[in-house]
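Undergrad: Sequences listed follow chains A and B, in order.
With the first letter of the first sequence counted as 1, position 99 gets the number 227 in the numbering used here; the numbers rise by one all the way through.
With the first letter of the second sequence counted as 1, position 269 gets the number 327 in the numbering used here; the numbers rise by one all the way through.
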Amino acid sequence: MNWMRTWAMARKEFIHIFRDPRSLGMGIAIPMIMLILFGYALTLDVDNVPMVIWDQNRSQASREFISHFLGSRYFSLQAFVDNYREVKQAIDSRRALVSLIIPPDFAGCLASGRPTPVQLIVDGSDSNTATIAMGYAEVITMTFSQDIALKEIQRKGGQVVANPIDLQPRVWFNADLESRNYIIPGLIAVIMMVIAALMTSLTVAREWEQGTMEQLISTPVKAQELILGKLFPYFMIGLFDVLLAVLMGEFLFHVPLRGNVALIFAQAAIFLIGTLSLGLLISIVTKSQLLASQLAMVATFLPAFLLSGFAYPIRSMPQVLQWITYLIPAKYFVTLLKGIYLKGVGPRVLMVEGIFLAVFGLIMFVLANKKFKKKLT
Amino acid sequence: MDQDNNGKAVVVKDLERHFGSFIAVNRVSFEVGKGEIFGFLGPNGAGKSTTIRILCGILAPSGGSGTVAGFDISKEAEKIKIHIGYMSQKFSLYEDLTVEENINFYSGIYTISEKKKKERKEWVLRMAGLLDHRNSRTALLSGGWKQRLALGCAILHEPPIIFLDEPTSGVDPISRRQFWDLIYELSGKGVTVFVTTHYMDEAEYCDRIGLIYRGELIALGTPDVLKTELMQEDVLECLCTQPHEAMEAIEKISGVREVALFGRGIHMVVEDADRAIGAIKQTLASRGFKIFRIEKIIPSLEDVFVSLIEDRERVEQPQQEVRK
């Protein structure tokens with residue numbers, strides 16, 4: 129291991145990167161754009177569900193019922209309609225996702241204490257939003273009927289009755305249940321996984337394709353010097369990306385950072401060594417830039433996105449998939465970042481994930497070294 | 059050189075390399091003395107590059123043995139790489155780096171000491187004529203410049219043996235000439251130069267030549283020996299009136315293997331000079347051509363190689379038919 133040779137490699141690689149706007153763009157601009165795009169677009173919260181209302185009763189009771197819907201931030205009124213055709217039209221044209229239909233005898237039924245049917249038509253083509261919207265509507269309706277029932281009991285009993293059980297939920301770590309707060313830390317992990325592997329997946333293959341590798345392997349440079357030299361610049365860019373992402377999380381998305389910033393960078397460094405080595409390994413094995421970049425994309429993006437627990441909870445996956453997630457390094461980094469960001473936990477709690485990441489990094493680095501041969505075939 | 063190998067820089071015995079069922083190098087044996095300029099000649103695809111890559115330790119041989127700078131080509135490839143400079147056929151410096159950055163990179167790779175680095179860099183820049191272009195992107199350089207810069211980077215560490223794979227292909231004649239001056243200069247300092255080429259004139263510049271054809275070494279020796287001793291046929295030159303028409307007449311004479319226009323005259327490869335001269339004189343005179351001069355000449359290397367290759371094919375073809 130000779131540092132002079134390693135540094136010569138690293139410096140050359142830096143020059144390549146800074147002289148090629150595309151690689152700079154891929155290394156810095158793309159991850160930031162992805163973070164902004166996903167950060168804003170990928171919200172799992174459902175609010176302001178567009179709604180039309182057909183109030184066939186037009187009584188004080190029906191207006192009060194409606195006001196419960198409009199008073200919440202979950203529904204936004206598009207229009208009052210007067211017939212079924214308009215309801216259908218509004219949902220067909222996606223002007224409304226939900227339609228509330230109040231029957232003509234709404235007030236009469238309520239007053240006589242009979243069960244009062246109310247219809248909710250939901251656009252099921254977006255089943256996720258539909259389920260959540262239905263949940264909201266159920267809660268609103270339930271509260272409304274509960275109030276009526278209590279009032280009725282009070283009227284009959286002549287005294288104030290309290291709700292028998294009063295559940296007071298407290299949400300820890302993300303009190304507002306802002307999905308952005310847990311998406312952004314996870315997103316940083318996913319994006320870094322993809323970008324890191326993608327960046328290095330080109331470097332060795334490019335040298336084979338351009339013929340410069342043939343010259344290089346005729347020199348005394350050693351495999352580990354070449355690999356370390358190639359990793360170093362991308363490692364620095366990766367850390368710079370993490371810095372930008374943390375800054376964006378703080379100032380753009382206002383995600384609370386409760387833990388230690390230094391710990392984020394320490395874990396990011398370990399994570400980067402693994403994913404950058406994975407990219408290099410792919411590059412070394414394929415010797416083709418096109419193949420390597422596609423493989424790096426497939427090997428990182430889908431697993432990191434779907435199986436890391438970043439957006440979809442691992443616990444609700446089939447057992448086999450759950451086992452597979454242990455092989456996804458992004459899973460550990462997602463857990464680490466969420467832990468540091470939202471829970472503010474320290475190294476003691478996150479040790480297992482940290483060790484898994486370190487092992488992954490070590491395996492990838494050793495494999496890349498083993499697979500790189502200073503020979504033509 | 060670390061080990062003395064009876065004054066030999068390169069020793070190769072029964073070297074073989076297969077790519078699947080294709081035999082690129084077939085039982086090749088030769089030696090190159092220290093300080094020699096050894097030319098490896100052959101048509102494209104003959105196995106020149108494969109051989110040179112094996113010698114540089116970047117391609118494993120399938121069979122046979124050999125040493126370069128005293129180190130075994132199969133087991134000590136990494137030691138060989140310390141003692142050689144290799145310039146591959148394709149330009150293999152970084153085009154997006156400047157001239158100076160490329161030199162700096164290879165200085166680092168060859169771990170040239172800080173003290174020596176500057177001196178070597180200036181030497182390369184001067185040798186390549188790039189003193190005024192040190193900050194130019196390598197991509198913008200002309201072929202001759204690129205090739206001299208590539209040579210410079212390959213010999214920054216002053217290796218005792220250098221391997222050049224078709225260094226002058228695609229370079230203009232003046233640059234080629236300058237490049238060979240450089241090779242002579244290096245050779246004068248005791249550096250062994252192993253160079254492949256398919257230019258016959260370049261072969262004449264070499265101390266010794268090996269001719270490789272279809273993976274086999276079919277001739278080995280100094281240019282003079284090859285020209286005077288190896289060729290079984292004789293070469294005649296004839297100056298006469300209407301050479302184009304005369305050629306057709308000469309082609310039909312038995313004992314004449316090959317006829318070609320050469321400048322204002324005709325070159326012929328014949329089985330026996332004396333007999334052929336008589337026959338040609340007779341034939342041309344009877345058809346009204348006037349002969350100014352006809353004589354036996356020393357064949358060019360090209361004549362020798364064409365003849366050797368044709369001999370080989372004459373021998374091989376019947377064998378192949380038998381095998382079928």
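Each residue gets a CB set at the ideal place from its N, CA and C atoms; glycine is no exception.
Here the structure is a predicted model, which is why all the values come from computation and not from measurement.
In this structure, what does DSSP give as the bridge partners for Pro178/A?
TA: The partner list for Pro178/A (beta bridge, DSSP) reads Ser204/A.
Undergrad: Taking Phe98/B as part of the beta strand (DSSP E), name the residues at either end of that continuous run.
TA: Taken as a continuous stretch (DSSP letters only), the beta strand (DSSP E) holding Phe98/B covers 95 to 99.
Undergrad: How would you call Ile194/A, buried or exposed, if buried means at least 16 neighbouring beta carbons within 10 angstroms?
TA: Classification of Ile194/A: buried, given that the 10 Å Cβ count is 16 or more.
Undergrad: I'd like to know if Asn162/B contacts chain A, where contact means its C-beta is closer than 9 angstroms to some C-beta of that chain.
TA: True, the Cβ-Cβ gap to chain A drops below 9 angstroms.
Undergrad: When we look at the beta-carbon of Phe80/B and count the other beta-carbons within 10 Å, is it buried (16 or more) or exposed?
TA: Classification for Phe80/B: exposed.
Undergrad: Rounded to whole angstroms, what is the Cα-Cα separation between Thr244/A and Cys237/A?
TA: Roughly 6 angstroms between the two C-alpha positions.
Undergrad: Out of Ile401/A, Val349/A, Met132/A, Asp183/A, state which residue places its alpha-carbon closest to the alpha-carbon of Glu214/A.
TA: Residue Asp183/A is the option with its Cα nearest to Glu214/A.
Undergrad: Which of helix, strand or coil does DSSP assign to Ile230/A?
TA: DSSP places Ile230/A in strand when its eight states are reduced to three.
Undergrad: Just reading off the beta strand (DSSP E) that Val267/A is part of, what are its end residues?
TA: It is not in any beta strand (DSSP E) - Val267/A instead sits in the alpha helix (DSSP H) that spans 255 to 285.
Undergrad: Using a Cβ-Cβ distance cut-off of 9 angstroms, determine whether Leu155/B contacts chain A.
TA: Chain A, which has a Cβ nearer than 9 angstroms to the Cβ of Leu155/B, makes this yes.
Undergrad: In whole angstroms, give me the CA-to-CA distance for Ala224/A and Val177/A.
TA: Spanning the two alpha carbons is a distance of roughly 8 angstroms.
Undergrad: Using a Cβ cut-off of 9 angstroms, which residues of the stretch 232 to 256 of chain B contact any Cβ in chain A, in chain order?
TA: For the stretch 232 to 256 of chain B, which is checked against every Cβ of chain A, not one residue is closer than 9 angstroms.
Undergrad: List the residues of chain A that Ile116/B touches, going by C-beta distances under 8 angstroms, in chain order.
TA: Under the 8 angstroms cutoff, chain A gives Glu342, Ile345, Ser346, Lys502, Lys503, Leu504.
Undergrad: Between Ile316/A and Leu163/A, what straight-line distance do the alpha-carbon atoms span, to the nearest angstrom?
TA: Cα to Cα, the separation comes out at about 7 angstroms.
Undergrad: Which residues, in order along the stretch 108 to 142 of chain B, keep a beta-carbon less than 8 angstroms from a beta-carbon of chain A?
TA: Residues passing the 8 angstroms Cβ filter: Arg111, Cys114, Gly115, Ile116, Leu117, Ala118, Ala135, Glu136, Lys139, Ile140, Ile142.
Undergrad: Counting only Cβ pairs nearer than 8 angstroms, list the residues of chain B close to Gly339/A.
TA: Those within 8 angstroms of Gly339/A in chain B are Ser146, Lys148, Phe149, Ser150.
Undergrad: In three-state DSSP terms, what is Arg334/A?
TA: In the structure shown, Arg334/A sits in a helix (DSSP, three-state: H, G or I).
Undergrad: Counting contacts by CB-CB distance shorter than 9 angstroms, is Thr226/B in contact with chain D?
TA: Absent here is chain D; the protein component of the structure consists of chains A and B.
Undergrad: I'd like to know whether the C-beta atoms of Met320/A and Val370/A end up nearer to each other than 9 angstroms.
TA: Yes; because the gap between Cβ atoms is below 9 angstroms, this pair is in contact.
Undergrad: At least one CB of chain B closer than 9 angstroms to the CB of His144/A: is that the case?
TA: Yes - at least one Cβ of chain B is within 9 angstroms of the one on His144/A.
Undergrad: From the DSSP output, read off the bridge partner residues of His325/B.
TA: Glu295/B, Ala318/B.
Undergrad: Could you name the residues of the stretch 132 to 163 of chain A whose beta carbon sits closer than 8 angstroms to any beta carbon of chain B, in the order they occur along the chain?
TA: Those would be Met132, Arg133, Trp135, Ala136, Met137, Arg139, Lys140, Ile143, His144, Arg147, Asp148, in chain order.
Undergrad: Of the residues that make up the stretch 166 to 196 of chain B, which ones have a beta carbon closer than 8 angstroms to any beta carbon in chain A?
TA: From the stretch 166 to 196 of chain B, only Gly166, Ile167, Tyr168, Thr169 have a Cβ closer than 8 angstroms to chain A.
Undergrad: Determine, using beta carbons only, whether Gly105/B and Val83/B come nearer to each other than 9 angstroms.
TA: In this structure, Val83/B lies closer than 9 angstroms to Gly105/B by Cβ.
Undergrad: Helix, strand or coil, according to DSSP, for Thr156/B in the structure here?
TA: Strand at Thr156/B.
Undergrad: Would you mind stating whether Cys264/B and Ile352/B have Cβ atoms separated by less than 9 angstroms?
TA: Result no, Cβ atoms of Cys264/B and Ile352/B do not sit closer than 9 angstroms.
Undergrad: Give the DSSP-derived three-state secondary structure of Asp223/B in the structure shown.
TA: Of the three classes helix, strand and coil, the one that applies to Asp223/B here is strand, per DSSP.
Undergrad: My output table needs one value for Thr196/B: the three-state DSSP class, helix, strand or coil.
TA: Note: Thr196/B maps to helix in three-state DSSP.
Undergrad: From Asn185/A, Tyr212/A, Ile412/A, pick the residue whose C-alpha is nearest to that of Glu335/A; which is it?
TA: Comparing Cα positions, the closest option is Ile412/A.
Undergrad: Might you give, ordered along the chain, the residues of its own chain that have their beta carbon closer than 6 angstroms to the beta carbon of Val322/A, omitting 5 neighbours on each side?
TA: So the list reads Thr428, Phe429, once near-sequence residues are dropped.
Undergrad: Please report the distance separating the alpha-carbon of Lys348/B from that of Val364/B.
TA: One C-alpha to the other measures close to 29 angstroms.
Undergrad: In this structure, how does DSSP classify Ile249/A when only helix, strand and coil are distinguished?
TA: Reduced to three states, the DSSP call for Ile249/A is strand.
Undergrad: Determine the extent of the alpha helix (DSSP H) in which Phe146/A is found, giving its start and end residues.
TA: Counting along the chain, the alpha helix (DSSP H) containing Phe146/A begins and ends at 131 to 147.
Undergrad: Hey, does Ala277/B have any beta-carbon neighbour from chain A nearer than 9 angstroms?
TA: Answer no: the Cβ-Cβ gap between Ala277/B and chain A never drops below 9 angstroms.
Undergrad: In whole angstroms, give me the CA-to-CA distance for Lys247/B and Ile142/B.
TA: Taking the straight line joining both Cα atoms gives about 15 angstroms.
Undergrad: Using Cβ-Cβ distances below 7 angstroms, what residues of the stretch 205 to 227 of chain B are close to chain A?
TA: Within the stretch 205 to 227 of chain B, no residue has a Cβ that lies closer than 7 angstroms to any Cβ of chain A.
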